[in-house]
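Numbering (UniProt numbering), first residue to last: 1 to 224.
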């Protein structure tokens with residue numbers, strides 16, 4: 001079976017985007033990405049390898065889709081991941097360019113406060129059940145470039161209108177990407193996905209939530 005790599009990127013909730021990001025928006029993003037993969041791209045989950053950068057909000061859609069479906073996931077992250085503390089490694093430097101871990105952790109905390117979800121635990125759960133973490137591309141710029149160069153399909157979420165993302169890291173990834181298909185999802189236009197997303201979330205925090213906790217407990221009991 002031919003594998004298709006589908007990258008999911010977009011706003012991480014920084015700057016002016018922050019106040020606009022809500023639980024219902026994230027749920028709609030999850031449902032929209034799932035619909036694009038199943039209905040527009042017409043892919044079977046077994047042939048899909050999801051790619052993202054491990055960031056909050058848009059990138060995290062890929063993590064939760066992996067926890068929902070029998071597919072593959074590769075996370076190109078901008079720094080090392082600490083499996084014990086379940087967070088990105090913070091080296092203590094104040095500059096986000098040399099310490100992307102602190103910035104990534106902060107945005108995930110903001111994401112948790114806005115939604116009630118546990119994004120860092122989700123990432124660790126994904127690792128427990130087979131997700132691949134690639135921390136060899138240090139920094140956000142290198143991370144974004146790695147995503148751009150390893151995607152057959154790119155799905156990008158932003159608050160920009162039209163067929164291309166708003167300026168910023170998402171726009172950089174979009175321009176660098178030579179994917180066969182690039183799909184921009186304008187966040188003001190996805191409100192209609194919220195009801196479908198609610199059903200997906202209810203399921204996610206039912207059967208799948210128990211499953212990933214089971215895997216996490218098994219790994220912790222097994223030890224290093």
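The C-beta atom is built at its ideal place from N, Cα and C for all residues, glycine as well. None of the values given here were measured: they were computed from a predicted structure.
Sequence-distant residues of the same chain with beta carbon closer than 7 Å to residue i, five excluded per side
i: residue 121; result: 86
i: residue 66; result: 50, 73, 126 and 131
i: residue 33; result: 8, 61, 65 and 155
i: residue 172; result: 144
i: residue 232; result: Coverage of the chain is limited to positions 1 through 224, which leaves residue 232 absent and any answer about it impossible.
Inter-residue Cα distance where the pair is residue i and residue j
i: residue 35; j: residue 10; result: 17 Å
i: residue 195; j: residue 8; result: At residue 195 the pLDDT is 48, less than 50, meaning the model places this residue with poor confidence and gives no usable figure here.
i: residue 47; j: residue 165; result: 27 Å
i: residue 42; j: residue 4; result: 11 Å
i: residue 21; j: residue 1; result: 37 Å
i: residue 78; j: residue 186; result: 25 Å
i: residue 188; j: residue 159; result: 7 Å
i: residue 19; j: residue 13; result: 8 Å
i: residue 123; j: residue 147; result: 17 Å
i: residue 136; j: residue 116; result: 31 Å
i: residue 75; j: residue 126; result: 10 Å
i: residue 94; j: residue 101; result: 10 Å
i: residue 157; j: residue 129; result: 26 Å
i: residue 133; j: residue 83; result: 11 Å
i: residue 99; j: residue 152; result: 30 Å
i: residue 89; j: residue 54; result: 13 Å
i: residue 174; j: residue 145; result: 10 Å
i: residue 44; j: residue 119; result: 25 Å
i: residue 57; j: residue 37; result: 18 Å
i: residue 39; j: residue 169; result: 28 Å
i: residue 31; j: residue 97; result: 33 Å
i: residue 190; j: residue 92; result: 38 Å
i: residue 27; j: residue 81; result: 26 Å
i: residue 109; j: residue 23; result: 14 Å
i: residue 225; j: residue 167; result: Only positions 1 to 224 of the chain appear in this structure, which leaves residue 225 out of reach.
DSSP bridge partner residues for residue i (one or two, in chain order)
i: residue 157; result: 10 and 185
i: residue 136; result: Bridge partners of residue 136: none, in fact.
Below-8 Å beta-carbon distance, residue i vs any chain C residue
i: residue 9; result: Considering every chain present, this structure includes no chain C. It has just one protein chain.
Three-state class that DSSP yields for residue i in the structure shown
i: residue 87; result: strand
i: residue 4; result: strand
i: residue 34; result: helix
i: residue 119; result: helix
i: residue 198; result: Note that residue 198 scores a pLDDT of 49, beneath 50, so its modelled location is shaky and nothing firm can be said.
i: residue 125; result: helix
i: residue 19; result: helix
i: residue 112; result: helix
i: residue 43; result: coil
i: residue 105; result: helix
i: residue 180; result: coil
Close beta carbons around residue i, own chain, < 8 Å, minus the five adjacent residues each side
i: residue 162; result: 184 and 186
i: residue 138; result: 78, 79 and 100
6 Å CB neighbourhood of residue i in its chain, flanking five on each side removed
i: residue 154; result: 7, 177, 179 and 182
i: residue 16; result: none
Report the start-end ranges of each beta strand (DSSP E) in the stretch 46–85 that is 3 residues or longer and not cut off at the edges. 48–52 and 72–76
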